[in-house]
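J.: One structure, pasted below without further comment.
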Amino acid sequence: MSTSNQLFIEEKINETADSVTLVLKPHDLIKNYKSGQFITLLLNVGGEKVRRSYSFSSSPAVDAKPSITIKKIQDGKASSYLFSTLKAGDTIEFQQPAGLFTLDKAVSENLVFIGAGSGITPLISMIKTALAKKSYKKVCLIYSNRNEDAVIFKSKLEELKAAYSNFEVFYTYSQPHNSALPKGRLNQSQFIKIVEGIKDLPVAQADYFLCGPDGMLEEVKHGLEILQVVPSKVHKESFLTTNENDSVFVSVPEHSGDANEITVMYQGSEYKFAVKPGKTILQSALDEDIDLPYSCMSGLCTACMGKCLSGKVEMGDQDGLSEKEVKNGYILTCVGRPAVAGTVIEID
Ligand code: FES
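In structure tokens, the structure reads:
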């Protein structure tokens, strides 16, 4: 059984030497995505099924055509396939958009986006939406790259800067070509210096959206603590870029008892199956050939998110969910298992 659909690559646009944008169609097949969300692609790479999630770089508020942007990772199976092999006119299987790293998390009138490399992808989508809404006093981007040539969407960012006086961009480079520019990865002190220098920014009140590798996220998070920004105003998305061939470790909650039966409601169908000790809800569903949505399988991306309607789900690593979401009953099937028999969950 399959719950995924087919998309066409309408256009392939080279952004930098190692990043490409894929414009997808038919446009109405991708339903109601939000800026900051991602789509999961199910690829056939040399006969092997590979599943990867990519953020939208398009904004549903201003771009008629949905698009994703991909950075080629050395030895990365999926990114190499999408970058080098796939061409306009080819089809790909996908699952509907998901993800909680979205603009509607912001509660203030001032937004600061911090990204590194291809971490710009969900951020540019949110920036375009935020500027088009015209309801924010300040929209700022701090964007870190290896050098000037690696900046993705440089011309778009400059175009937005010229069009919106409330938009500011700060570039940082670890190895700039121009020796007059400061050199080094974005760290805590550099971040604090940039933020404190932004005119008319109420630093402690603004919302901060972070997307990049874990090292950068940690530096910025410590910087935000020093700036006394409360955690509820810090929204983050990390990505795993080290090696797409690596298998992912999934932490399953300890459970020594018998299998617990669970009911999963998904796309108008109801599935009942047993989750054996040591297995997650997702693993058990896939064993039964029930095609539930997923991507990272490590509790990070939220592609497998559902809501517990009755009973109880216990979870291992659940970094993708906030405390509030957990309190409101949201669960991740890839790291969760039913704690009691008769648990019922619903997946959108
Ligand atoms: S598949 Fe990514 S969080 Fe479950």
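Residue 0 is where the sequence shown starts when you use numbering that gives the first Met the number 0, and the numbers rise one by one after that. Where is the CB? At the ideal position from N, CA and C, for every residue including glycine. All values reported here derive from a predicted model rather than from experimental measurement.
Under 6 Å from any heavy atom of the ligand FES, by CB: list those residues in chain order, please.
T.: Chain-ordered list of matching residues: Y293, S294, C295, M296, G298, L299, C300, T301, A302, C303, G319, L331, C333.
J.: Any chance the CB of E108 is under 7 Å from a heavy atom of the ligand HEM?
T.: The model on display carries the ligand FES but not the ligand HEM.
J.: Quick check: the Cα distance between K172 and A284, rounded to an integer number of angstroms?
T.: Numbered from its first residue, the sequence shown carries residue 172 at position 173. Numbered from its first residue, the sequence shown carries residue 284 at position 285. Position check: residue 172 holds Tyr in this sequence, whereas Lys was assumed. Distance between the alpha carbons of Y172 and A284 is about 45 Å.
J.: K311 to K24, Cα distance in whole Å?
T.: Here residue 311 corresponds to residue number 312 of the sequence shown, with the count starting at 1. Here residue 24 corresponds to residue number 25 of the sequence shown, with the count starting at 1. Looking at the two C-alpha atoms, the distance is approximately 39 Å.
J.: Once the 5 residues before and after I197 are set aside, which same chain residues still bring their CB inside 7 Å of it?
T.: Mapped onto the sequence shown, residue 197 falls at position 198. Cβ neighbours of I197 beyond the five flanking positions: C139, E167.
J.: Spatial neighbours of S359 within its chain, please: C-beta separation below 6 Å, excluding the five flanking residues on both sides.
T.: Look at the range of the chain in this structure, 0 to 347, and you will see that residue 359 is not part of it.
J.: If you count every other CB in all the chains shown that lies within 10 Å of the CB of L308, and 16 or more means buried, which is it?
T.: One-based indexing of the sequence shown puts residue 308 at position 309. Under this definition L308 is an exposed residue.
J.: Are the CB atoms of F208 and L110 within a distance shorter than 8 Å?
T.: Here residue 110 refers to the residue found at position 111 of the sequence shown. Here residue 208 refers to the residue found at position 209 of the sequence shown. Yes, these two residues count as a Cβ contact at 8 Å.
J.: Does DSSP put S58 in a helix, a strand or coil?
T.: Locating residue 58 in the sequence shown gives position 59, counting from the first residue. If DSSP states are grouped into helix, strand and coil, S58 belongs with coil.
J.: DSSP three-state label for V219, please.
T.: Taking the first residue of the sequence shown as 1, we reach residue 219 at position 220. Of the three classes helix, strand and coil, the one that applies to V219 here is helix, per DSSP.
J.: Rank E269, D206, A77 by C-alpha distance to the C-alpha of G46 and give the top, closest one.
T.: Numbered from its first residue, the sequence shown carries residue 46 at position 47. Of E269, D206, A77, the residue nearest in Cα terms is A77.
J.: Can you list the alpha helix (DSSP H) stretches of 4 or more residues lying completely in the region 258 to 332, in chain order?
T.: You should have 280 to 286, 322 to 326.
J.: Entirely within the region 123 to 165 and at least 3 residues each: give me those beta strand (DSSP E) ranges in chain order.
T.: Taking only runs of at least 3 residues, the beta strand (DSSP E) segments lying wholly in the region 123 to 165 are 137 to 144.
J.: Identify the continuous beta strand (DSSP E) that holds I91 and give its terminal residues.
T.: Looking up residue 91 in the sequence shown gives position 92. Its beta strand (DSSP E) spans residues 90 to 97.
J.: Which term fits D206, buried or exposed, when burial requires 16 or more other beta carbons within 10 angstroms of its beta carbon?
T.: Start at 1 with the first residue of the sequence shown, and residue 206 comes out as number 207. The residue in question, D206, is buried, as its Cβ has 16 or more Cβ neighbours within 10 Å.
J.: Looking at the secondary structure, which residues open and close the beta strand (DSSP E) in which S173 lies?
T.: Mapped onto the sequence shown, residue 173 falls at position 174. Per DSSP, S173 belongs to no beta strand (DSSP E) and is neither H nor E.
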